[in-house]
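S.K.: 13 is the number of the first residue of the sequence shown in the working numbering; add one for each residue after it. Positions of the beta carbon are idealized from the N, C-alpha and C atoms, including for glycine. All values derive from a computational prediction rather than experimental measurement.
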Amino acid sequence: MSQQYPPPGPGFGPPPPQYAPAPPPHAAPQQAPPYAPAPQQAPPYAQAPQQAYAPAPSQPAADGPDFLAVDKRNAVVVDASGVAFESSGLSIEFRWPEIRSVHYQASPSGKALMVAVIHMDGRFFECVVEAKPRSRLQEWFPQLAWVLGHYRPAG
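1) Considering only the alpha carbon of each residue, which of L102, G76 and F137 lies closest to V114?
2) For the 8 Å Cβ check, are there 3 or more pairs between the region 138-157 and the region 75-91?
3) What is the rounded straight-line gap between the Cα of L149 and the Cα of D133?
4) Please report the straight-line C-alpha distance between S93 and S121, rounded to a whole angstrom.
5) Considering only C-alpha positions, which residue in the set P109, R146 and A124 is nearest to I130?
6) Is it true that the CB of V127 sits closer than 7 Å to the CB of V89?
7) Helix, strand or coil: which one does DSSP assign to H94?
8) First and last residue of the beta strand (DSSP E) that includes S113?
9) When DSSP labels each residue in this structure, what does R107 get in the three-state scheme?
10) Please look up how many angstroms separate the CB atoms of Y116 and L102, rounded, as I've assumed it's under 8 Å.
11) Classify W152 as buried or exposed, calling it buried when 16 or more other Cβ atoms lie within 10 Å of its own Cβ.
12) Rounding to the nearest angstrom, what Cα-Cα distance links F106 and A157 in this structure?
13) How many angstroms separate the CA atom of R146 from the CA atom of R135?
14) To the nearest angstrom, how far is it from the Cα of N86 to the Cα of G161?
15) Might you give, ordered along the chain, the residues of its own chain that have their beta carbon closer than 6 Å to the beta carbon of P77, omitting 5 neighbours on each side?
And the structure:
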C-alpha cells in the first residue's frame with residue numbers, strides 16, 4: 013500500500029503580514045513585493061584596481077634572475093614571484109611565501125630535469141622537463157642552483 017500525499021504548495025511565498033518587515037514611515041510604497049531580493053551592490057574591495065593585488069601577467073614581477081626550462085609539453089619557471097610549472101597545458105604557480113622548499117635532480121634515465129615544490133602545508137608538486145640535447149641538463153643545474161640560491165639563500 014502506498015500512501016498518497018497532497019501536492020506541494022507553490023513555494024514559501026512572502027512572509028505572513030505579521031512577520032513582514034514594516035516600511036519606514038517616511039518611505040514611499042514599494043513597487044516590488046517585500047520578498048524580492050535587494051539589488052546587489054559591489055563590495056568596496058571590488059572597486060580597488062586589480063593591479064593592487066597582483067601584477068599583470070605581461071609585466072615582470074620584479075627585477076632579478078630567472079630560470080626557464082622548457083620541452084614540448086612541460087616547463088619550469090623560477091623568478092622573483094616564485095616557481096611556476098606547466099604540464100601539458102595546465103599551469104600552477106607557487107609564490108615564495110607559500111613554498112617550504114624546492115628540490116631538483118636528474119631523472120633516473122639522466123634525460124630530464126625533475127623539480128619538486130613542497131608547499132607550506134606539506135603538499136608535494138613535481139614537474140619533469142626533458143633535456144634535449146642531454147647536455148642541456150648539465151647547463152640547467154648550475155643556473156637553477158644560482159637562481160634558487162638568490163631567492164632562497166637558506167634552502
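M.R.: According to the structure shown:
1) Within the sequence shown, numbered from 1, the residue matching residue 114 stands at position 102. Put simply, of L102, G76 and F137 the residue whose alpha carbon is nearest the alpha carbon of V114 is F137.
2) The region 138-157 is in contact with the region 75-91.
3) Position 137 of the sequence shown, counted from the first residue, corresponds to residue 149. Position 121 of the sequence shown, counted from the first residue, corresponds to residue 133. In this structure, the alpha-carbon of L149 lies about 30 Å from that of D133.
4) Counted from its first residue, the sequence shown places residue 93 at position 81. Counted from its first residue, the sequence shown places residue 121 at position 109. S93 and S121 have their alpha carbons spaced roughly 31 Å apart.
5) As a first step, residue 130 is located in the sequence shown; it is residue number 118 there, counting from the start. Out of P109, R146 and A124, the CA that lies nearest to the CA of I130 is found in P109.
6) Here residue 89 corresponds to residue number 77 of the sequence shown, with the count starting at 1. Here residue 127 corresponds to residue number 115 of the sequence shown, with the count starting at 1. No. Outside cutoff.
7) Here the question's residue 94 lines up with position 82 in the sequence shown. The amino acid at residue 94 is misidentified as His; the sequence shows Gly. Strand, per DSSP.
8) Working through the sequence shown from its first residue, we reach residue 113 at position 101. Unbroken beta strand (DSSP E) run through S113: I111 to A118.
9) Within the sequence shown, numbered from 1, the residue matching residue 107 stands at position 95. Looking at R107 - three-state DSSP - the assignment turns out to be strand.
10) As a working mapping, residue 116 is identified with position 104 in the sequence shown. As a working mapping, residue 102 is identified with position 90 in the sequence shown. Contact doesn't hold; Cβ gap of about 20 Å is too wide.
11) Against the sequence shown, residue 152 aligns to sequence position 140. Classification for W152: buried.
12) Here residue 106 is taken as the residue at index 94 of the sequence shown, counted from 1. Here residue 157 is taken as the residue at index 145 of the sequence shown, counted from 1. The alpha-carbon atoms of F106 and A157 are separated by roughly 18 Å.
13) Position 134 of the sequence shown holds residue 146. Position 123 of the sequence shown holds residue 135. In this model, R146 and R135 are separated by some 30 Å (Cα to Cα).
14) Your numbering for residue 86 matches position 74 in the sequence shown. Your numbering for residue 161 matches position 149 in the sequence shown. Roughly 23 Å between the two C-alpha positions.
15) The sequence position of residue 77 within the sequence shown is 65, counting from 1. Counting only Cβ-Cβ distances below 6 Å, and skipping sequence neighbours, we find V159 and H162.
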